[in-house]
Each structure stands twice: as C-alpha cells, then as structure tokens.
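In the working numbering, the protein residues as written are 168 to 254. Every residue gets a Cβ at the ideal spot worked out from N, C-alpha and C, and that includes glycine. Remarks on the structure that follows.
Below you can see the structure in the form of structure tokens.
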C-alpha cells in the first residue's frame with residue numbers, strides 16, 4: 168500500500184544533516200527540531216504518493232531559485248533558533 172509522503176520533509180532532513188555538521192549551530196535534538204519546524208513552515212510542501220510523483224518533486228532541486236530559497240530559509244531558521252534556544 169502506498170503512503171502519502173511529504174517530499175519537502177525528507178529533503179530538509181537530508182540537507183540539515185550536512186548543514187549541522189558544518190555550521191556553528193547547537194546540535195541538540197531540540198534545536199534541530201526547531202530549525203526543521205521553522206523550515207517546513209516556510210517552504211512549499213510537496214506531498215507525493217508514487218515514485219513518479221517523487222521524481223516530479225525532485226525536479227525542483229534543479230531550479231536555482233528553489234535552492235536559493237531553501238538555503239535562505241535554512242539560514243534564517245538557524246539564526247532564529249541560535250538567538251533564542253529553548254534548552
């Protein structure tokens with residue numbers, strides 16, 4: 168049975184793994200989840216059910232503006248969390 172998946176959520180988790188290794192951001196679970204939540208609330212959601220749908224969702228990865236928006240939102244989210252961490 169196919170499941171509804173949020174493609175954007177998977178992309179955020181993948182990118183954050185790389186970002187958190189290189190950035191000067193608190194690595195605790197709370198801060199990571201806060202950055203993730205802020206990003207997901209500000210990025211366009213892409214729900215997919217099929218493998219074909221996932222391929223279409225991946226096409227945005229090749230759009231330069233999508234990459235710029237993604238990185239900008241990620242940086243803003245990290246700044247917000249660093250300014251007021253909840254731990």
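Buried or exposed (CB count within 10 angstroms, at least 16 for buried), residue i
i	result
residue 175	buried
residue 201	buried
residue 226	exposed
residue 183	buried
residue 204	exposed
Separation of residue j from residue i, as counted between CA atoms
i	j	result
residue 220	residue 211	15 Å
residue 247	residue 229	27 Å
residue 170	residue 215	8 Å
residue 172	residue 217	9 Å
residue 196	residue 242	18 Å
residue 209	residue 249	18 Å
residue 254	residue 190	18 Å
residue 233	residue 199	22 Å
residue 244	residue 192	11 Å
Boundaries of the alpha helix (DSSP H) in which residue i is found, first to last residue
i	result
residue 190	Unbroken run through residue 190: none, as it is neither H nor E.
residue 237	231-250
residue 199	196-209
For residue i: DSSP bridge partner residues
i	result
residue 172	215
message: Taking contact to mean 3 or more Cβ pairs, one atom from each stretch, closer than 8 Å, check whether the segment 228-245 and the segment 179-188 are in contact.
response: yes
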